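If you use this note's numbering, the sequence shown closes out at 245, no skipped numbers anywhere.
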Amino acid sequence: MNCPECGDERLPFAVPPDLREHVPSEPASVFVCPRCLSLEPAESPETELTDFSRISDALPDDEEAAAAVALAAALLSSLALHRQRIDALLDRVERAGIDPLLALDRLAADPELEPNFDIESRRRQLLQLRG
């Protein structure tokens with residue numbers, strides 16, 4: 115299925131059960147675009163966790179942490195609307211022993227990503243809000 119934002123092929127992945135409450139509409143699976151990071155609930159609950167390196171090599175190796183970073187990064191498109199969800203997802207990443215802000219830095223530096231927002235700018239805003 116192609117992304118309505120940029121036309122790239124979106125990747126489906128299962129949202130780990132303990133992360134669902136932090137995603138709008140609490141879907142069992144979502145589509146995420148590996149280029150623009152747009153996020154949309156998927157209708158197929160049978161979806162498995164994806165190979166997150168297909169989104170970016172900058173995502174953590176730990177699958178659940180990678181899912182949390184990918185979801186948080188996608189939600190950064192509307193930081194004001196999703197701040198609590200983003201905070202909760204990044205807290206999960208931190209509990210997994212991964213620096214969430216460093217993970218966002220690495221995503222911002224990925225030349226393959228072209229989100230419709232500036233990850234670095236949103237990361238700075240998030241740092242101020244979490245500060």
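Cβ atoms here follow ideal geometry from the backbone N, Cα and C, with glycine treated the same way.
This structure is a prediction, so every number in the text was calculated from the model and none was measured.
- The three-state secondary structure of residue 142, taken from DSSP, is coil.
- The residue among 121, 143, 206 and 227 with its C-alpha nearest the C-alpha of residue 176 is 206.
- Linking residue 165 to residue 179 through their CA atoms gives a straight-line distance of about 12 Å.
- Shortest Cα-Cα distance from residue 195 to any of 132, 144 and 137 involves 137.
- Relative to the Cα of residue 203, the nearest Cα in the group 240, 126 and 145 belongs to 240.
- Taken through DSSP and simplified to helix, strand or coil, residue 123 comes out as strand.
- When the beta-carbon positions are compared, residue 220 and residue 190 stay at least 8 Å from each other.
- Note that the C-beta distance between residue 227 and residue 125 is not below 8 Å.
- With fewer than 16 other beta carbons inside 10 angstroms of its own, residue 158 counts as exposed.
- By alpha-carbon distance to residue 230, the top candidate from 115, 120 and 116 is 120.
- In the DSSP assignment, the residues bridged to residue 154 are 145.
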